[in-house]
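Number of protein chains: 2
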Amino acid sequence: MSFDRLIKAIVKTQNPSVAGLDPKLDYIPDYIKEAAYAEYGKNLEGAAQALWVFNKGLIDALCDIVPAVKPQLAYYEMYGWYGVRTFQKTVEYAKSKGMFVITDGKRNDIGTTMQAYAKAHLGLTEVDGETAEAFGSDALTVNAYLGTDGVKPAVELCKESDKGIFVLVKTSNPSSGELQDRKLDDGLTVYRTMGNMCEKWGEELQGKYGYSGVGAVVGATYPEQLSELRKELPHTFFLVPGYGAQGGGAKDVAGAFDKNGLGAIINSSRGIMCAWKKEEGLDPKDYAAAARREAVRMRDEIVSFIGEIKLN
Amino acid sequence: MSFDRLIKAIVKTQNPSVAGLDPKLDYIPDYIKEAAYAEYGKNLEGAAQALWVFNKGLIDALCDIVPAVKPQLAYYEMYGWYGVRTFQKTVEYAKSKGMFVITDGKRNDIGTTMQAYAKAHLGLTEVDGETAEAFGSDALTVNAYLGTDGVKPAVELCKESDKGIFVLVKTSNPSSGELQDRKLDDGLTVYRTMGNMCEKWGEELQGKYGYSGVGAVVGATYPEQLSELRKELPHTFFLVPGYGAQGGGAKDVAGAFDKNGLGAIINSSRGIMCAWKKEEGLDPKDYAAAARREAVRMRDEIVSFIGEIKLN
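Protein chains in written order, with the numbering used here: chain A, 29 to 340; chain B, 29 to 340.
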């Protein structure tokens, strides 16, 4: 019912970062793709197999130093149900290796439909008296344009478990301001208003370390807003995309953290997944080792700005 | 690159309604579930099989009188990748029966990630030179909290095909106003601002009958806003949920249409899927016939308010 488990994993690894698993085929070494196509064909099934092998290698290489992974559902849906099956296997494998899994699906709907998404990704599905786990992640990103009706069903489910959600507040993309930066008639921006709603929704999911189970997505590309929101939303844990490839640096994300170095987890996707392409002369079979080196570099860079991470 | 194909199907059937396919297990007759569980077990796979058989029966019974179906992805994801496979089969089958398929996924993301969702649901996926169709719907619902970056990749893809998107503008749920009804500092509401963006995004996807390929989701439960938006957004086709079970009636949706009876398609999910439960003494094996009777009743009720549907 909070992010306490994630927070403990961050403190244990002294690493407030999450590895995005957005495995485009371009990011995957040829030897993995060739083996997958040879076995399943150059089709959705073969692509999904390549994604799975690539992900497994990354998880093995990162699991003892990176506390969490964030698979982006779009890159699995793209390969149809074969891709979604790879997503499910990825979540299961990352959890078996002790990682906290944040599913980036930006899901949103109302009432029983939102409840269905929450069950799919965070809970259990009932089948006439039996229960089964559909995907079983630890956290899900959520878009709250629909208001409380779109968030409450997930919050209710999280009450009965140790899971959480991250609500889109101020996203990292260039046009995020078109709506999110607009001021409402009370003078507050849309993103600030959404942030305040996160604080309110989180009241029922307070954890032991000051943060609730309703977090917020706030982009690294808007460091001022990141610092503003850290101050104004003291109980809301941040998931921060936009580090690295999108232009945000460690200095830009420093404002996302509280005085104990808690309060945020920084995502890097391409930087970690494609690290093997940047090391000259590297054997592509060492792609996972290169990912690990980049994850260490990123961790050290962020920690150099925030110092030791301590529990409140 | 527009909704012309949908519009022609509406005119041909003289029916501006879409059957929601949100197949909860509760909605499915026991004889279907028992057969599915006997073959695959009382588990995600068995449930997904029951959904598939139920959907197939509905599509067979509706395809000549209802122009479109709207599967709600949450109710398939709930059953894991087995459920997503049923979703794929449902889309494929509905298309083979000549129906227009609107996938209700409320997907949203930015840049190449949104492009991945668009390819997954509306386009083709490349696998190292080969292409394959992941899900292949005709339209997708989209949440545009992220601004133009979250919509443009789908619009670009629709340019090269005859597909479209429906952007959430004013949703049917009780709390939709928390954000959507708030006024921005220029005096316009958030939903109206979002509606204006739909008009703008749609400029590149104009069709022959006055409507673009960027539609809007506007709930039947807010008839005043529905009429207001019909006047203010002349090129934006509406997908209208909330009819029936959520409380909106045919009178409430009349304002969604233009003078030719075009401009909107009204969704009914539970009303059609659960019609068999409301007919006393009905053999559950006749569930699809009951769905057809309800679809006819709904069509006639709506058409009694709008008259003959004509092309501009």
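All residues carry an ideal CB built from backbone N, CA and C; glycine is no exception. Small disclaimer: the values here were computed from a predicted structure and weren't measured.
Worksheet item: Considering only the beta carbon of each residue, do isoleucine 60(A) and valine 94(A) sit closer than 7 Å?
Response: no
Fill in: 3 or more residues per run - each beta strand (DSSP E) lying fully within the region 137-182 of chain A
153-155, 158-160 and 167-170
Item to complete: Could you have a look at alanine 248(A) and say whether DSSP puts it in helix, strand or coil?
Response: coil
Discussion item. In this structure, how does DSSP classify phenylalanine 128(B) when only helix, strand and coil are distinguished?
Written reply: strand
Item to complete: Indicate the three-state DSSP secondary structure (helix, strand or coil) for arginine 135(B) in the structure shown.
Response: strand
Worksheet item: Can you tell which of Gln208(A), Leu207(A) and Leu290(A) has the C-alpha that lies nearest to the C-alpha of histidine 44(A)?
Response: Reading off the sequence, residue 44(A) comes out as proline, not histidine. Of the listed residues, the one whose Cα sits closest to proline 44(A) is Leu290(A).
Worksheet item: To which residues does DSSP link tyrosine 271(B) through a beta bridge?
Response: Gly276(B)
Practice prompt. Just grab the DSSP bridge partners of lysine 198(B) for me.
Written response: Val246(B)
Worksheet entry | Inter-residue CB distance, lysine 98(B) and aspartate 132(B) (contact presumed, cutoff 8 Å) | 5 Å
Worksheet entry | The alpha helix (DSSP H) enclosing serine 332(B), as first and last residue numbers | 315-334
Practice prompt. Taking only the alpha-carbon atoms, compute the straight-line gap between serine 240(B) and asparagine 171(A) and give it to the nearest angstrom.
Written response: 25 Å
Worksheet entry | Status (buried if at least 16 other CB within 10 Å, exposed otherwise) for threonine 159(A) | exposed
Worksheet item: What is the DSSP secondary structure of phenylalanine 265(B), reduced to helix, strand or coil?
Response: coil
Worksheet item: Who does threonine 217(A) pair with in a DSSP beta bridge?
Response: Lys211(A)
Practice prompt. Report, in whole angstroms, the separation of the C-beta atoms of leucine 185(A) and leucine 150(A), which I expect to be a contact under 8 Å.
Written response: 6 Å
Fill in: Three or more C-beta pairs below 8 Å linking the region 246-257 of chain B and the region 273-283 of chain B
yes
Discussion item. Looking at threonine 264(B): is its Cβ nearer than 7 Å to the Cβ of cysteine 226(B)?
Written reply: yes
Worksheet item: On the three-pair Cβ rule with 8 Å, is the region 250-262 of chain B touching the region 326-338 of chain A?
Response: no
Worksheet entry | Neighbourhood of arginine 113(B) by C-beta, 7 Å cutoff - its chain only, sequence neighbours within 5 removed | Ala76
Worksheet entry | Collapsed DSSP secondary structure at lysine 305(A) in the structure displayed | helix
Worksheet item: Using a Cβ-Cβ distance under 7 Å, would alanine 102(B) count as near chain C?
Response: Reference to chain C is not applicable here, since the protein chains of this structure are A and B.
Worksheet item: What residue does the beta strand (DSSP E) around glycine 48(A) start on, and which one ends it?
Response: 45-49
Worksheet item: Within the 7 Å Cβ cut-off, does valine 373(A) reach chain B?
Response: Shown here, chain A extends from 29 to 340; a query on residue 373(A) therefore has no answer.
Worksheet item: Which residues of chain B have a Cβ atom closer than 8 Å to the Cβ of threonine 141(A), listed in chain order?
Response: Asp50, Gln100, Ala102 and Tyr103
Discussion item. For serine 296(B), count the other beta carbons within 10 Å of its own beta carbon; 16 or more makes it buried, fewer makes it exposed. Which is it?
Written reply: buried
Discussion item. Strictly under 7 Å for the Cβ-Cβ distance: is alanine 162(A) near chain B by that measure?
Written reply: yes
Worksheet item: For the region 201-220 of chain B, which residues have a beta carbon sitting closer than 9 Å to at least one beta carbon of chain A?
Response: Asn201, Pro202, Ser203, Ser204, Gly205, Glu206, Leu207, Gln208, Arg210, Lys211, Leu212, Asp213, Asp214, Gly215 and Val218
Discussion item. According to DSSP, simplified to helix, strand and coil, what is glutamine 77(A)?
Written reply: helix
Worksheet entry | valine 155(B) at chain A interface by Cβ criterion, 7 Å | yes
Fill in: Whether tyrosine 173(B) touches leucine 196(A) by CB criterion (7 Å)
yes
Item to complete: Give the DSSP-derived three-state secondary structure of asparagine 83(B) in the structure shown.
Response: helix
Worksheet item: When you check each C-beta in the region 30-63 of chain B against every C-beta of chain A, which residues fall closer than 8 Å?
Response: Asp50, Lys52, Leu53 and Lys61
Worksheet item: Is the region 257-272 of chain B touching the region 314-322 of chain A, taking contact as three or more C-beta pairs under 8 Å?
Response: no
Discussion item. Can you give me the C-alpha to C-alpha distance between leucine 267(A) and glycine 192(A), rounded to a whole angstrom?
Written reply: 12 Å
Fill in: Within-7 Å CB hit, leucine 185(B) to chain A
no
Worksheet entry | tryptophan 109(B) at chain A interface by Cβ criterion, 7 Å | yes
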